[in-house]
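The sequence shown: position 393 = 509 (my numbering), numbered continuously. All C-beta atoms, glycine included, are put in the ideal place defined by N, C-alpha and C. Predicted model, so just to flag it, every value in this text is computed and none were measured.
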Amino acid sequence: MKEVLQLESASGLLLIGATALALIMANIPAALQAYEWFLGLYLTITIGGLGVDKPLLLWINDALMVFFFMLVGLELKREVVEGQLSRPDQVILPVMAALGGLVVPAAIFWYINGDSVSQKNGWAIPTATDIAFALAMLSLLGSRVPISLKIFLTTIAIVDDIAAIVIIAIFYTYDLSMISLILAGLGIVVLTALNRARVMRLAPYMLTGLFIWFCVLKSGVHATLAGVVVAAFIPLRSGDDESPARHLEHTLHPWVAFAVLPIFAFANAGVSFSGMSLEKLTNGVPMGIILGLFVGKQVGVFGMIVLARLLRIAELPLGATWKQVYGIALLCGIGFTMSLFIGTLAFEHGNFDRLYGVKMGVLIGSALSAIAGLAVLHFALPGKGDVKTAKEG
117 MKEVLQLESA
127 SGLLLIGATA
137 LALIMANIPA
147 ALQAYEWFLG
157 LYLTITIGGL
167 GVDKPLLLWI
177 NDALMVFFFM
187 LVGLELKREV
197 VEGQLSRPDQ
207 VILPVMAALG
217 GLVVPAAIFW
227 YINGDSVSQK
237 NGWAIPTATD
247 IAFALAMLSL
257 LGSRVPISLK
267 IFLTTIAIVD
277 DIAAIVIIAI
287 FYTYDLSMIS
297 LILAGLGIVV
307 LTALNRARVM
317 RLAPYMLTGL
327 FIWFCVLKSG
337 VHATLAGVVV
347 AAFIPLRSGD
357 DESPARHLEH
367 TLHPWVAFAV
377 LPIFAFANAG
387 VSFSGMSLEK
397 LTNGVPMGII
407 LGLFVGKQVG
417 VFGMIVLARL
427 LRIAELPLGA
437 TWKQVYGIAL
447 LCGIGFTMSL
457 FIGTLAFEHG
467 NFDRLYGVKM
477 GVLIGSALSA
487 IAGLAVLHFA
497 LPGKGDVKTA
507 KEG
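Now the structure itself:
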């Protein structure tokens with residue numbers, strides 16, 4: 117767990133760098149042209165009469181992010197089998213917190229955009245927590261942060277990922293092609309057969325997964341969900357470090373952390389501040405996201421934690437205080453990667469102003485949550501001297 121947390125923290129710092137680079141390039145005219153040219157490059161891959169023809173930005177969002185979702189699927193499977201989601205007493209508090217952090221931000225966005233049917237489609241944007249960014253913020257506080265708080269934040273983010281996958285599958289699927297879905301279903305049948313036959317080589321699963329990805333891409337369901345489907349069928353034996361699922365997770369993790377997510381951030385975070393005005397920021401979409409992430413997340417997460425304690429159905433993380441838990445609730449408002457991803461799905465057929473509003477809302481809401489969370493935790497956590505004394509004791 118410590119190894120994973122360190123990896124996520126370092127990845128979050130790299131994400132911050134990729135985001136900063138995208139913002140710099142988007143606000144320098146000469147660099148902006150190069151930035152837009154690069155993301156607009158068309159890449160075509162064909163085999164026989166079948167193929168995919170997309171600009172680089174969509175290859176990143178529809179293909180490269182499959183590996184992120186596959187890693188999420190593998191992590192979820194491991195957590196359910198033997199980790200933080202394997203025991204009911206470990207699950208109650210983070211699940212309740214995550215559900216509160218989903219419902220309240222969505223309600224705020226929905227209320228603010230209630231007059232526009234098309235804008236309400238972005239209700240899910242402020243519901244996600246970016247684990248890499250959030251853990252990167254915690255890493256800035258060093259050894260003062262107890263491991264129990266890091267695990268608690270990680271578990272909330274895991275439940276968030278489950279919710280995001282369900283939301284994307286149900287609410288952001290358009291123009292279904294039944295033929296493509298049937299073919300994808302046949303691919304799932306093959307995965308089931310491989311799993312039941314206890315095939316331990318990864319190659320058959322990955323080749324079948326490639327076929328499923330292509331079918332899902334053509335079906336109208338978002339292609340990244342193919343990664344989650346494939347992960348669900350890769351064998352995992354509890355306690356066996358050599359099982360295919362565990363091997364693939366360890367292999368994918370650094371690639372996703374240090375390549376896939378930073379590339380996604382660079383491709384999607386570039387927003388020009390030219391012409392930015394208070395009127396644009398107070399528009400329904402950016403304001404709904406800002407208030408959803410900064411206000412809705414902390415109210416939903418912390419409120420459900422308070423409710424769980426009042427009902428006496430869960431305990432606070434080991435050694436944690438209420439102020440520290442509130443700081444974690446604030447950090448849950450950092451919704452960068454998944455929020456941007458859902459935003460591209462919600463308004464992919466919309467106009468430029470809405471996508472601009474999504475990016476501005478996510479950046480500002482996440483930044484406010486990060487700054488406020490760090491400030492609260494800075495004063496709530498013990499000083500370095502206290503931590504050293506406790507360890508020596």
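| Check | Outcome |
| --- | --- |
| Residue environment, Ser354, which counts as buried when at least 16 other CB atoms sit within 10 Å | exposed |
| Assigned secondary structure, Thr160 (DSSP; H/G/I helix, E/B strand, else coil) | strand |
| Thr453 vs Ala339 beta-carbon contact at 8 angstroms | no |
| Proximity test, Cβ basis, 8 angstroms: Ile208 and chain B | Of the protein chains in this structure there is only one, and it is not chain B. |
| Cβ contact check for the stretch 397-409 and the stretch 223-241: 3 or more pairs under 8 angstroms | yes |
| Bridge partner(s) assigned by DSSP for Asp231 | DSSP, once it has assigned bridges, lists no residue as partnering Asp231. |
| Nearest residue (CA-CA) to Gln414, options Leu423, Ser388, Leu426 and Ile444 | Ile444 |
| Terminal residues of the alpha helix (DSSP H) in which Val282 lies | Ile263 to Phe287 |
| Residue range of the unbroken alpha helix (DSSP H) whose run includes Leu187 | Met181 to Glu198 |
| Sub-8 angstroms separation of Ala383 and Leu173 beta-carbons | yes |
| Enclosing beta strand (DSSP E) for Lys236 [first to last residue] | From DSSP, Lys236 is part of no beta strand (DSSP E); its letter is neither H nor E. |
| Bounding residues of the alpha helix (DSSP H) (the contiguous stretch that carries Pro511) | The requested residue 511 does not occur in the structure, where the chain is confined to residues 117 to 509. |
| Residue range of the alpha helix (DSSP H) that includes Gly499 | Premise fails: Gly499 is in no alpha helix (DSSP H) and is neither H nor E. |
| Status (buried if at least 16 other CB within 10 Å, exposed otherwise) for Ala350 | A quick correction: the sequence has Ile, not Ala, at residue 350. Buried. |
| As assigned by DSSP and simplified to three states, the class of Leu352 | coil |
| Inter-residue Cα distance where the pair is Gly156 and Ala134 | 18 angstroms |
| Which listed residue (Arg194, Asn143 and Ile161) has its alpha carbon closest to that of Ala361 | Arg194 |
| Rounded C-alpha distance that separates Leu190 from Ala347 | 5 angstroms |
| DSSP state of Gly451 mapped onto helix, strand, coil | coil |
| Whole-angstrom distance between Ile281 and Phe287, CA atom to CA atom | 10 angstroms |
| Stretch pair the stretch 303-310 + the stretch 323-331: three plus CB contacts closer than 8 angstroms | yes |
| Residues of its chain near Glu365, where Cβ-Cβ distance is below 6 angstroms and the 5 sequence neighbours each way are ignored | Leu190 |
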